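S.K.: Position 31 (the sequence shown) corresponds to 31 in my numbering; numbering is contiguous. What follows is a structure written as structure tokens; I'll ask about it next.
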Amino acid sequence: MNRSELVTALAERAQVTRKDADAVLTALAASVGDVVAKGDEKVTIPGFLSFERTHRAARTARNPQTGEPLEIPAGYSVKVSAGSKLKDAAKGK
């Protein structure tokens with residue numbers, strides 16, 4: 001399902017226009033992005049998903065072609081966890 005199909009499905013379920021559904025989806029993505037960028041909070045949609053900024057430590061890796069060690073600097077990543085309702089849906093329940 002791409003973004004356009006998702007917007008159409010949301011509009012049908014919520015009985016709103018596609019324009020309104022698209023605006024809500026855009027606002028949700030922006031809000032989650034803002035909170036994750038700050039890094040001081042976790043965003044949780046109960047039973048569905050949670051988003052959290054995590055810190056990755058610096059590490060040494062190897063170039064697979066040459067075998068030379070590479071220094072990978074510390075940085076940040078996003079951890080996304082599925083909630084119980086999403087897990088049940090994936091199991092077909």
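Cβ atoms here follow ideal geometry from the backbone N, Cα and C, with glycine treated the same way. Small disclaimer: the values here were computed from a predicted structure and weren't measured.
For the candidate residues Glu71, Asn2 and Ala23, whose alpha-carbon lies nearest to that of Ala61?
M.R.: Glu71
S.K.: Could you spell out the range, first to last residue, of the beta strand (DSSP E) harbouring Glu52?
M.R.: Run containing Glu52: Leu49 to Arg56, per the beta strand (DSSP E) assignment.
S.K.: Measure the alpha-carbon distance for Val24 versus Ala30 and round it to whole angstroms.
M.R.: 10 Å
S.K.: How close, in whole Å, do the beta carbons of Glu52 and Lys42 come, if the pair is a contact with beta carbons under 8 Å?
M.R.: 4 Å
S.K.: Return the bridge partner residues of Ala82 from the DSSP annotation.
M.R.: Leu49
S.K.: Could you please give the first and the last residue of the uninterrupted alpha helix (DSSP H) stretch that includes Thr8?
M.R.: Arg3 to Ala14
S.K.: State the DSSP-derived secondary structure class of Ala29, mapped to helix, strand or coil.
M.R.: helix
S.K.: Cβ of Leu49 within 9 Å of Cβ of Leu86?
M.R.: yes
S.K.: In the DSSP assignment, the beta strand (DSSP E) including Ala74 goes from what residue to what residue?
M.R.: Looking at the DSSP string, Ala74 is not in any beta strand (DSSP E), and its letter there is neither H nor E.
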